[in-house]
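Residue numbers (the working numbering): 145 to 431.
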Ligand SMILES: CC(C)(COP(=O)(O)OP(=O)(O)OC[C@H]1O[C@@H](n2cnc3c(N)ncnc32)[C@H](O)[C@@H]1OP(=O)(O)O)[C@@H](O)C(=O)NCCC(=O)NCCS
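Okay, here's the thing in structure tokens:
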């Protein structure tokens with residue numbers, strides 16, 4: 145995916161997902177669904193993980209992926225409605241997997257619709273197993289100060305304790321370079337906090353694409369720090385996505401007054417697939 149492809153990619157992604165919403169709800173949303181900065185931001189995070197399918201001179205499909213060292217995920221994946229059903233999505237995902245494997249990925253994941261036979265078929269065919277979920281959580285920003293001991297935009301800790309070789313350095317670098325948010329660190333814990341939404345068009349929230357914390361105390365402190373940033377930025381809510389297997393994280397968020405939203409199907413392919421079922425506190429958005 146080149147810089148020059150980004151307008152077409154955004155248009156195709158919006159159009160394909162408007163079609164998906166219409167298929168599921170009977171209502172076609174108007175206007176953009178995705179943030180206009182999505183493509184530029186994702187190319188900043190991982191340029192080698194962004195792909196387009198081209199027919200003649202025209203972009204007909206696009207896929208974004210993010211590689212965090214040995215663990216990666218992809219999406220949003222979209223094919224122009226008039227080019228669907230021709231195997232383009234399969235070629236985009238196959239190339240994404242090939243490129244990721246060449247760079248040493250051990251596990252790839254995605255989030256999709258559990259009730260769509262088309263989606264489940266597509267990813268099963270490409271070797272992904274459908275045994276996990278991702279649960280959205282949303283919390284109101286509370287009063288309080290930035291907790292002591294939390295560094296803003298400090299050094300990024302090693303996260304091998306979550307998954308051997310897990311590395312969020314690219315997300316952290318792109319977050320700072322694009323000025324869309326901050327990184328917060330407390331000991332071995334890391335939170336990435338976006339006050340400019342790089343995915344959806346909702347501008348009222350702070351979006352937390354990642355928290356990894358080795359214990360509850362660190363998790364609580366990072367969550368408070370994210371809320372302090374949100375308050376400073378005039379945002380009312382914090383939104384994140386939690387692996388369904390990470391029950392410790394969900395319990396902690398519920399105790400903090402966060403509310404759960406819907407569950408999406410998570411599918412994975414590779415080694416150590418249940419890495420997220422342990423005692424580590426972990427929010428990770430695979431959109
Ligand atoms: C989902 C999407 C990316 C698929 O793109 P595509 O290029 O049409 O997909 P492909 O042609 O590569 O493959 C589709 C597969 O699903 C199968 N399929 C289609 N409808 C199906 C159904 N109702 N039940 C089961 N399988 C179905 C096709 O037969 C094909 O499999 P096959 O090659 O084994 O026959 C595209 O429809 C899209 O952009 N949708 C809107 C956005 C979206 O849903 N993105 C993904 C979110 S996770």
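In this text, a Cβ means the ideal position worked out from N, Cα and C, and glycines have one as well. All figures in this text were calculated on a predicted structure; none of them were measured in a lab.
query	result
Nearest-angstrom beta carbon gap, residue 278 and residue 405 [assumed within contact, 8 Å]	In fact, because the Cβ distance is near 10 Å, the residues do not count as touching under 8 Å.
For residue 239, the first and last residue of its enclosing alpha helix (DSSP H)	232-246
Continuous alpha helix (DSSP H) stretch holding residue 161: start and end	150-169
Per-residue DSSP class, three states only, for residue 380	coil
Where the alpha helix (DSSP H) containing residue 184 begins and where it ends	182-189
Integer-rounded CB distance, given that residue 202 should sit under 8 Å from residue 430	The Cβ separation is near 28 Å, so there is no contact.
Those residues which DSSP pairs with residue 341 across a bridge	The partner list for residue 341 (beta bridge, DSSP) is empty, contrary to what the question assumes.
Whole-number beta carbon distance between residue 310 and residue 241, since they are thought to touch under 8 Å	Actually they do not touch by this definition, with Cβ atoms about 18 Å apart.
Close Cβ partners of residue 244 (< 8 Å) along its chain, the five nearest in sequence each way excluded	193, 209, 211, 216 and 252
Residue 225 beta carbon less than 8 Å from that of residue 175	no
Close-in-space but distant-in-sequence residues of the same chain around residue 247 (CB under 8 Å, 5 per side omitted)	192 and 211
According to DSSP, residues forming a beta bridge with residue 222	206
Closer than 7 Å: residue 274 CB and nearest ligand 1 heavy atom	no
Rounded straight-line distance, which links the Cα of residue 273 to that of residue 267	8 Å
Three or more C-beta pairs below 8 Å linking the segment 324-336 and the segment 292-311	yes
Anticipated Cβ contact below 8 Å, residue 360 with residue 322, distance rounded	31 Å between Cβ atoms; not a contact.
Close-in-space but distant-in-sequence residues of the same chain around residue 149 (CB under 7 Å, 5 per side omitted)	196 and 203
C-alpha distance - residue 342 paired with residue 428, whole-angstrom precision	15 Å
Residue 385 CB to nearest heavy atom of ligand 1 below 7 Å	no
Residue 163 Cβ short of 7 Å to ligand 1 heavy atom set	yes
Inter-residue spacing [alpha-carbon to alpha-carbon] between residue 325 and residue 230	39 Å
Buried or exposed by the 16-neighbour rule on C-beta atoms within 10 Å, applied to residue 265	exposed
Cα-Cα separation, residue 392 to residue 362	13 Å
Beta-carbon gap between residue 285 and residue 379 smaller than 8 Å	yes
For residue 385: DSSP bridge partner residues	280
Completely contained alpha helix (DSSP H) runs for the segment 291-327, where each covers 4 or more residues	313-321
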